[in-house]
Structure formats: structure tokens, C-alpha cells
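Working notes, beginning with the structure itself.
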Amino acid sequence: MKVLLSGASGTVGIPLVAALLAHDADLRLSCVLRSQKARSALAQTLTPVQRERVDFIEADLSEGAGVDVAAGLLTMDDTPTVGVHLAADVSWDKSCEEMQQLNVQGTRNFARLLLAASARPHMVYVSTAYTQTHDWDYRNGYEESKAMAERSLREEFGARLPISTFSCSLVVGDSRTGEIARFNGLYPLIKFLAAFNPPFLVGNKDGLLDIVPVDWVVSELHAMVLRCAADGTPHECVASAGPHRVRYETTVRLIEERIALARRRHGLPELAPVPILRDRQWGFLKRALAAWQPPGISRSDFRYFERLLRVYGTYASSDRVRAPLHVGTPSPDPMAFLPGVVDHWIAHHPRTVRPQASTASSAPAAQEQPA
1 MKVLLSGASG
11 TVGIPLVAAL
21 LAHDADLRLS
31 CVLRSQKARS
41 ALAQTLTPVQ
51 RERVDFIEAD
61 LSEGAGVDVA
71 AGLLTMDDTP
81 TVGVHLAADV
91 SWDKSCEEMQ
101 QLNVQGTRNF
111 ARLLLAASAR
121 PHMVYVSTAY
131 TQTHDWDYRN
141 GYEESKAMAE
151 RSLREEFGAR
161 LPISTFSCSL
171 VVGDSRTGEI
181 ARFNGLYPLI
191 KFLAAFNPPF
201 LVGNKDGLLD
211 IVPVDWVVSE
221 LHAMVLRCAA
231 DGTPHECVAS
241 AGPHRVRYET
251 TVRLIEERIA
261 LARRRHGLPE
271 LAPVPILRDR
281 QWGFLKRALA
291 AWQPPGISRS
301 DFRYFERLLR
311 VYGTYASSDR
321 VRAPLHVGTP
331 SPDPMAFLPG
341 VVDHWIAHHP
351 RTVRPQASTA
361 SSAPAAQEQP
371 A
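Written out as C-alpha cells, the structure reads:
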């Protein structure tokens, strides 16, 4: 079998490459990467022997001309080929229009590459469990663009390309080690709580977050790839936490507890738990105190603070997510793996639990792993 993979240098892509190479010594793996930087990021995670088994295709999927060039270099044969499309803009704070070039057009361009690579293709479109193609109120441009991409993919290629879908929810680190390739999704919230004690957060305390560990997600996605290669039949999988969803306040308090442990090791005082306001309370504050800014927070930090409140407040107040579907095993309980996830982040950012000025303004935009 052959596998054509986009997004191979991302959160799910890096461990998926390792899983595919470990499973099948005869696998032919081609990774579509948008730049030399992405290629280097993936290559340095592989052993020299593994690198020899991977073909690197440099192409920006958002640009049709580059995809045409890459497609012209591919040799079509009759080997069953599964194309796994992971590459996406996963920002939660962009508009749908800003994300269409990569998320929608990029999906169509990946399908074109796949059709150029094999006479027996099968595509696995990786989406998010926080959206679906119909009957959904999209909370941000990411959700809307991922649904739009799937609809566009099926409309243009459904008659000549078997299409399977794999949707996962909010991906965090490995359930055993806490390790992860990219700190996005939940991690900007961890960074903000660790960098300084914010005056409050916004959302429904009892809202449920759907958090899944990357090793479980990769295991389920790997299993889908093998099924698609074996029978050529379209499949669907939703890798979400289901009954293991965790309350927003529980998540925040757990993060605070792990930060407190790290602060104690450095002789720092404990911080008071951060209050969580409902949306209407935050709305009242904004109307009543138009010029208000919490003391000790720079203007740029506060702009980031407001953006973070909007992003996480939305998901804490509207906990709509798809239920698990066709998974091999249930997702692990977040209360068992989240402490290790937070500890792993702290170990890689030790300055955030030492006395210093706020660094929140340099934090990345809150994002979700896509998928």
C-alpha cells in the first residue's frame, strides 16, 4: 500500500508518520509539505533509516500552480493509495473567508494530487468533531471552513474518489507522557494561567470540554487508514471523548493545581483561583467599563486576554460536539492524563512559573489540532 499524507509535520501528523512506518516495513509513504521548514521539522523526528522510506513532496496546497507542478512529478500506478489530508489552518479567531484558501481550496488540491498518484485512490478527510456539514451553528471560521471543505470535496470528487471522514475533538498530549509536537488548542489557556493570574475567565462553569489525547487519536486514525486500504469502502469515525467530557471549571482548576505545584518548587506564593464569569456578566463589564483594563496587564496583553476570553468562552458556553462514532476503544478519561499534559507543558516553559513580567502578549492565537 501507499499513503499520501498532508500535514505530516503537525500535531497528529508527526506521530502518525511514526505509527505508519512502524506498522509496515514495505509501506511507501509520501508527505506533502508546504515548505522546507516543515520538511526539516518532520525529518528531524525520524531516524536516518526512516527518512529513507519517506518521499517529501514540497507543495503549498493553497496555491494551485505549485500543486500542478507537484502532480506532474507523480507517477500513477495501480497500487492502492490512501490519501490522508491533515493539513489545515486551525486558528479559532479567523473568519471563514480568511481560512477558505487553505482549508477549502487546499482540500480540493490535495484530492487532485491523490488522483494523480494512483489509479486506486481512497481519501481520508480529517475534520473536527466540533462541526458537521449540515444542521450546525458554526461558532467560528474554523468550524465553518472545515464543513465547507467537506461539502466541496464530495460535490467535486465524490463520483470518482472514495471519501472517508475522520473527525477528532480537542487534541492534547500523549496520555502516558504528555508529549505533543505543537502547543495549540488548550495550551494558550495553560500559558495564560501560568504567565500571570488573570482577573477572570468567561464561560459556563458546567460547560463540557471534549478533550482527547494525541496517542489515542493517532491509533484510531491509523486503524481507519488500514481499513480503507484493505477494503476500499468509505468509512466514518468520530474520535471524541463522549461520556468523558470534562467540566470547564474542572479543567481550569486542574491546570491551576499543576501550576501551583510548580510555583511551590520555586518558592513562589500560591495564586487565588480565577473566577469564571458568565457571558452576560462579562458583557455588563464591557458596557459599564468601556475603558477598564485590569492592573498589571499591558495594553497588548489585555487585547490577547480579550481574544482568549472570546475563544474559550464560546466553547465553554456552547459545548455542542459530535458523539463518538465507530471508534475501536473509548477515549481515556481526561482526569487521568491531563495532569501529565499540563506538567509536560510546564517542563518546556519553566520561565512561566518563575518571577518575571507577563509574557502573555507573545502567546500564539488560540488554536485547535486538527486536524
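Taking UniProt numbering, the leading residue of the sequence shown gets 1, the next gets one more, and so forth. In this text, a Cβ means the ideal position worked out from N, Cα and C, and glycines have one as well. As the structure is a prediction and not an experimental result, all values here were calculated from the model.
Ordered along the chain, which non-local residues of its own chain (more than five positions away) have a Cβ less than 8 Å from that of Arg-112? Excluding sequence positions up to five before and after Arg-112, its CB lies within less than 8 Å of the CB of Val-67, Ala-71, all in the same chain and listed in chain order.
Rounded C-alpha distance that separates Glu-63 from Gly-141: Taking the straight line joining both Cα atoms gives about 20 Å.
Rounded C-alpha distance that separates Arg-264 from Glu-270: Arg-264 and Glu-270 have their C-alpha atoms spaced approximately 7 Å apart.
Since I believe Thr-75 is in contact with His-344 (beta carbons under 8 Å), could you give me their beta-carbon distance rounded to a whole number of angstroms? 42 Å between Cβ atoms; not a contact.
Proximal residues to Thr-133 (C-beta, below 6 Å), its chain only, five neighbours per side dropped: Leaving aside the five residues that flank Thr-133 on each side, the residues in its chain whose CB is nearer than 6 Å to its CB run, in chain order, Ala-147, Glu-150, Arg-151.
Below 7 Å CB to CB, which residues in the same chain sit around Asp-60 once its five sequence neighbours on both sides are set aside? Counting only Cβ-Cβ distances below 7 Å, and skipping sequence neighbours, we find Arg-34, Gly-66.
Do the stretch 230-240 and the stretch 184-201 meet, that is, are 3 or more Cβ pairs less than 8 Å apart? Remark: fewer than three beta-carbon pairs, one from each stretch, lie closer than 8 Å, so the stretch 230-240 and the stretch 184-201 are not flagged as touching.
Assuming the contact rule is C-beta atoms closer than 8 Å, Val-82 and Val-225 should be a hit. Round their C-beta distance to whole Å, please. 5 Å between Cβ atoms; contact.
Which residues mark the beginning and the end of the alpha helix (DSSP H) in which Asp-55 is found? For Asp-55, no alpha helix (DSSP H) segment is defined; the enclosing uninterrupted segment is the beta strand (DSSP E) at 54-58.
Considering Ser-35, what are the terminal residues of the alpha helix (DSSP H) in which it resides? Premise fails: Ser-35 is in no alpha helix (DSSP H) and is neither H nor E.
Beta-carbon proximity list for Leu-73, same chain, < 8 Å, skipping 5 on both sides: Excluding sequence neighbours, Leu-73 sits near Ile-57.
Only counting the same chain, and skipping five residues up and downstream in sequence, which positions put a Cβ closer than 8 Å to that of Asp-215? Non-local C-beta neighbours of Asp-215 in its own chain, meaning closer than 8 Å and more than five positions away in sequence, comprise Pro-15, Asp-174, Ser-175, Arg-176, ordered along the chain.
Nearest-angstrom beta carbon gap, Arg-182 and Thr-314 [assumed within contact, 8 Å]: A Cβ-Cβ distance of about 21 Å is found for the pair Thr-314 and Arg-182, leaving them out of contact under the 8 Å criterion.
Under 8 Å between C-beta atoms of Val-12 and Leu-86: Cβ distance < 8 Å, so Val-12 and Leu-86 count as in contact.
I think Val-32 touches Phe-110, with their Cβ atoms under 8 Å apart; what is that distance to the nearest whole Å? With 8 Å as the limit, Val-32 and Phe-110 qualify as a contact, their Cβ atoms being about 7 Å apart.
Spatial neighbours of Glu-220 within its chain, please: CB distance less than 7 Å, with the 5 preceding and 5 following residues excluded, ordered by chain position. Cβ contact annotation for Glu-220 (same chain, cutoff 7 Å, sequence separation greater than five): Cys-237, Ala-239, Val-327, Gly-328, in chain order.
Helix or strand or just coil, what does DSSP make of Asp-77? Three-state result, Asp-77: strand.
If you draw a straight line from the alpha carbon of Phe-157 to that of Met-123, how long is it in whole angstroms? Their backbone Cα atoms lie some 10 Å apart in a straight line.
Pairs of beta-carbons, one from the stretch 39-47 and one from the stretch 17-31, closer than 8 Å: are there three or more? Yes, they touch.
Inter-residue spacing [alpha-carbon to alpha-carbon] between Ile-211 and Leu-21: Spanning the two alpha carbons is a distance of roughly 27 Å.
In whole angstroms, what separates the C-alpha of Leu-308 from that of Ile-163? Each residue's Cα considered, the two are about 35 Å apart.
Start and end residues, alpha helix (DSSP H) containing Lys-191: Segment 187-195, the alpha helix (DSSP H) holding Lys-191.
Check each candidate in Glu-143, His-348, Ala-117 and name the one with the smallest Cα separation from Ala-129. The residue with the shortest Cα to Cα distance from Ala-129 is Glu-143.
Are there 16 or more other CB atoms within 10 angstroms of the CB of Asp-137, so buried, or fewer, so exposed? Burial call: exposed.
Within its chain, find whatever has a CB closer than 8 Å to the CB of Arg-247; leave out the 5 residues flanking it on each side and keep chain order. Lys-205, Asp-206, Gly-207, Leu-208, Leu-209.
Helix, strand or coil for Arg-247? Go by DSSP, reduced to three states. Arg-247 falls in the strand class under three-state DSSP.
Spell out the partners DSSP gives Arg-28 in its beta bridges. As a beta-bridge residue in DSSP terms, Arg-28 pairs with Lys-2.
Residue range of the unbroken beta strand (DSSP E) whose run includes Tyr-130: Neither: Tyr-130 is in no beta strand (DSSP E) and is coded neither H nor E.
Taking the beta carbon of Arg-245 as the centre, do at least 16 other beta carbons fall within 10 Å, making it buried, or is it exposed? It is buried - the Cβ of Arg-245 has at least 16 other Cβ atoms within 10 Å.
Relative to the C-alpha of Glu-155, which candidate in Asp-135, Ile-190, Gln-105 has its C-alpha closest? Nearest C-alpha to Glu-155 among Asp-135, Ile-190, Gln-105: Gln-105.
Residue range of the beta strand (DSSP E) that Pro-15 falls in? Per DSSP, Pro-15 belongs to no beta strand (DSSP E); it is in the alpha helix (DSSP H), 13-23.
Suppose contacts are defined by Cβ-Cβ distances below 8 Å. Is Ser-6 in contact with Ala-38 by that definition? In this structure, Ala-38 does not lie closer than 8 Å to Ser-6 by Cβ.
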